[in-house]
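Notes follow once the structure below has been shown.
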Amino acid sequence: MSQEARYHRMLPELRKANLVEATLVCLKRHGFQGASIRKISAEAGVSVGLISHHYAGKDELVAEAYMAVTGRVMGLLREAMAQAAPTARERLSAFFRASFCAELLDPQLLDAWLAFWGAVKTADAINQVHDHSYGEYRNELSRLLATLAVEEGWQGFDADLAAISLSALLDGLWLESGLNPGTFTPAQGVQICEAWVDGLQAGGRQRFSLPKGC
């Protein structure tokens, strides 16, 4: 039986996972511009026509891969938080440790992130997935920070603005790790994020005050 015939027999979830992995390999190897449908189909061991049957084009396939990767990342982060102590600070610490675990610092995944980010402004389908996934990511951080504010008794704390700041810090660290893994260790990445929260608790939270009347 041919590879393509076996592919047809796969469960939908396995077919999708197969194409996602092939797409990630091609993004790492060729970048967004160079990762053509033909190259992805060859990597997956299926015909171009079969991919075209399921996806309108490369942008839609890459968007599907982006969604799958962000779902994997969010699942890992939420699992880490679920296993932590119930306080907001402990769950934030678990979030940081998971963010710098070996799976999320895998070079293939980081290369894929760089390709996704580079394609966000060039393809509407990818941009939509980016907006959704980052909204979900920031909302998770915002909920954690809002809970921390309640536990600490902070009045007028803008958790949404603080989440944007913390998200940008994490993105910058991931980007730096992807470009130059020797810049800092995973433990130091966690340390930097913990220091950011320490700064909130030491008084930096006042920089994230809601406007009066809100």
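The UniProt record's numbering applies: residue 1 is where the sequence shown begins, and numbers increase by one. Even for Gly, the Cβ is constructed at its ideal location relative to N, Cα and C.
Between the C-alpha atoms of I192 and G182, what's the straight-line distance to the nearest angstrom? As a first step, residue 192 is located in the sequence shown; it is residue number 192 there, counting from the start. As a first step, residue 182 is located in the sequence shown; it is residue number 182 there, counting from the start. I192 and G182: Cα-Cα distance of roughly 15 Å.
Given V129, which residues of its chain have a CB within under 6 Å of its CB, disregarding the five upstream and five downstream residues? One-based indexing of the sequence shown puts residue 129 at position 129. Excluding residues within five positions, the ones whose Cβ falls inside 6 Å are A63, Y66, M67.
Compute the distance between the beta-carbons of R89 and V197, then report whether it is under 8 Å. Here residue 89 refers to the residue found at position 89 of the sequence shown. Here residue 197 refers to the residue found at position 197 of the sequence shown. Yes. Within cutoff.
Does S36 come out as helix, strand or coil in the three-state DSSP assignment? Numbered from its first residue, the sequence shown carries residue 36 at position 36. Three-state DSSP puts S36 in coil, outside helix and strand.
Can you find at least 3 beta carbon pairs, one from the region 22 to 30 and one from the region 99 to 119, that sit closer than 8 Å? yes
Per DSSP, which residues does S209 bridge with? Please list them. As a position in the sequence shown, residue 209 is number 209, starting the count at 1. DSSP output for S209 lists F157 as bridge partner(s).
Considering only their Cβ atoms, is the gap separating R97 from V190 smaller than 8 Å? Numbered from its first residue, the sequence shown carries residue 190 at position 190. Numbered from its first residue, the sequence shown carries residue 97 at position 97. Yes, the Cβ-Cβ distance between V190 and R97 is below 8 Å.
Is it the case that the region 200 to 208 contacts the region 170 to 178, given that we only count it when at least three CB pairs across the two stretches are under 8 Å? no
How many Å lie between F184 and T87 at the Cα? Counting from one through the sequence shown, the residue named residue 184 turns up at place 184. Counting from one through the sequence shown, the residue named residue 87 turns up at place 87. F184 and T87: Cα-Cα distance of roughly 28 Å.
Taking the continuous alpha helix (DSSP H) assigned at C193, which residues delimit it? Within the sequence shown, numbered from 1, the residue matching residue 193 stands at position 193. It spans 186 to 201 - the alpha helix (DSSP H) in which C193 sits, taken as one unbroken run.
For L104, the nearest candidate out of R91, D59, G71 (CA to CA): Residue numbering aside, residue 104 sits at position 104 when the sequence shown is read from its first letter. Cα-wise, what sits closest to L104 is G71.
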